[in-house]
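Numbering (my numbering), first residue to last: 65 to 448. Think of the CB as a built atom: it goes at the ideal place given N, C-alpha and C, for glycine as much as any other residue. Treat the numbers as computed from the prediction; the structure is a model and nothing was measured.
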Ligand SMILES: [Zn+2]
């Protein structure tokens, strides 16, 4: 018997209790599908939304839940394949990601590697409204409905037929962790056997431990709390050691403990999955000089500019340090000066001072006072 009404949980706003509501089972046109939910995780983002941290207006009341895995129970005739071209049928197991790039906005077209920053994504912001059911999101419901004609950016991904839906519901958060390691790889800064420190032992931290190992990490150390269940699970996932932040309560103590475990010059890669703004500066100290830090733990846009470390994550940035140069870089400087000797007023940078006590004193003094751009001491003027 076909279920006429579909039960969904909605929230009226931050801090509200969930309400069980019923929406009419939608008709399913040609390019649409109705998906019965088998499992849907609770994400840190959901918790942020329910704590009122989402920086933009949300169309309350709505249904949360975006880590969903389900089964197609009804679909239109035109919907024959998933985003990757895999055939879809009634009975196919599928997942839907929460942020689906439109594929056609300026960002998607010109910066495809940052299509996660799509200007018009299919997301909560495109939610159709509870009063206009059938609605798209979310997964804390008996079913979700997707219509690819209404929202062409919608993407369905087929799960293997024999994949349990519980396992499939982890595919969205795990993908975030895979991308964080890939960010280091695409920067050329992650190599087989590298030592990785994962900050944070929530679901993203735990999944990052698995992703790092699958992608070549030699050693993984996790920093988080509490011991039960999180640190124990981190070790069960393959972290060789865990550092309990409830036991090591200061940054100094945690840095010392991590560096003691890692040994050598420090970690090659730190993945911040913690969601705490102070974790970034602390995590940098886990690294060896020349190491790599990937910030993935903070989603919110709130906070003052000067303390807005999480903007590195929210903007999907590459923030690179550059300390002086290596021996192989120096000929570049010589060559560039020689090649471009007539193209810039190099000589105008330089204010010359004689090689006397007074001359050196003036050279330094005027530089400190910002009266010169490049004070330059000339012991033998005839050499110039
Ligand atoms: Zn787009």
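- The C-beta distance from residue 93 to residue 213 rounds to 7 Å, short enough to fall under 8 Å.
- In terms of CA proximity to residue 439, 412 leads the group 276, 404, 412.
- In this structure residue 421 is exposed. Its beta-carbon is surrounded by fewer than 16 other beta-carbon atoms within 10 angstroms.
- Residue 174: member of the alpha helix (DSSP H) spanning 170-174, first to last residue.
- In the DSSP assignment, residue 395 falls outside any beta strand (DSSP E) and lies within the alpha helix (DSSP H) extending over 394-403.
- Each of 79, 110, 107, 126 was checked against the Cα of residue 87, and the nearest Cα belongs to 126.
- Nearest to residue 209 by alpha-carbon distance, out of 97, 296, 290, 267, is 97.
- DSSP assignment within the stretch 92-147 yields the following whole beta strand (DSSP E) runs of 3 residues or more, N-terminal first: 96-105, 131-139.
- One alpha carbon belongs to residue 311, the other to residue 296, and they sit about 15 Å apart.
- In this structure, the beta-carbon distance from residue 276 to residue 245 falls below 7 Å.
- No heavy atom of ligand 1 is found nearer than 6 Å to the CB of residue 107.
- Take the alpha-carbon of residue 100 and the one of residue 111: they are about 23 Å apart.
- Note that the C-beta distance between residue 104 and residue 131 is below 7 Å.
- Here residue 219 carries a coil assignment [DSSP, helix/strand/coil].
- Judged by the Cβ position, residue 218 fails to qualify as a neighbour of ligand 1 at the 6 Å threshold, every heavy atom of the ligand being at least this far.
- Residue pairing from DSSP places residue 305 in a beta bridge opposite 285.
- With a cut-off of 6 Å, the C-beta of residue 165 is classified as near ligand 1, since at least one heavy atom of the ligand falls inside that distance.
- Residue 223 places its beta carbon 7 Å or farther from that of residue 150.
- Looking at the backbone, the Cα of residue 262 and that of residue 434 are separated by about 44 Å.
- Here residue 236 is buried: its Cβ has 16 or more other Cβ atoms, across all protein chains shown, within 10 Å.
- Its chain contains 440, 442 as the residues whose beta carbon lies nearer than 7 Å to that of residue 416, once the 5 sequence neighbours on both sides are disregarded; these appear in chain order.
- Looking only at 321, 242, 446, the smallest Cα-Cα distance to residue 335 is reached by 242.
- Spatial neighbours of residue 142 in its own chain (CB-CB distance under 6 Å, excluding positions within 5 residues in sequence) are listed in chain order as 94, 95.
- Separation of residue 147 and residue 162 (C-alpha to C-alpha, rounded to the nearest whole angstrom) is 14 Å.
- DSSP lists 96 as the bridge partner or partners of residue 211.
- The shortest C-alpha to C-alpha distance from residue 228 to any of 374, 133, 253, 258 is the one to 133.
- Under DSSP, the beta-bridge partners assigned to residue 439 are 415.
- Membership of residue 432 in the alpha helix (DSSP H) is indicated by the continuous run 421-432.
- Residue 446 has its alpha-carbon roughly 56 Å from the corresponding atom of residue 177.
- Distance check between residue 117 and each of 69, 239, 79, 85 places 79 closest, using alpha-carbon atoms only.
- As the crow flies, the alpha-carbon of residue 354 is around 41 Å from that of residue 128.
- Under the three-state reduction of DSSP, residue 232 is assigned to helix.
- Exclusion of the five residues before and after residue 331 leaves 259, 260, 261, 350, 351, 352, 355 as the residues of its chain whose Cβ lies within less than 7 Å of its Cβ.
- Per DSSP, the continuous beta strand (DSSP E) segment holding residue 353 begins and ends at 351-359.
- By a beta-carbon distance limit of 8 Å, residue 264 does not contact residue 385. Their separation comes to about 22 Å.
- C-alpha of residue 313 to C-alpha of residue 291: approximately 14 Å in a straight line.
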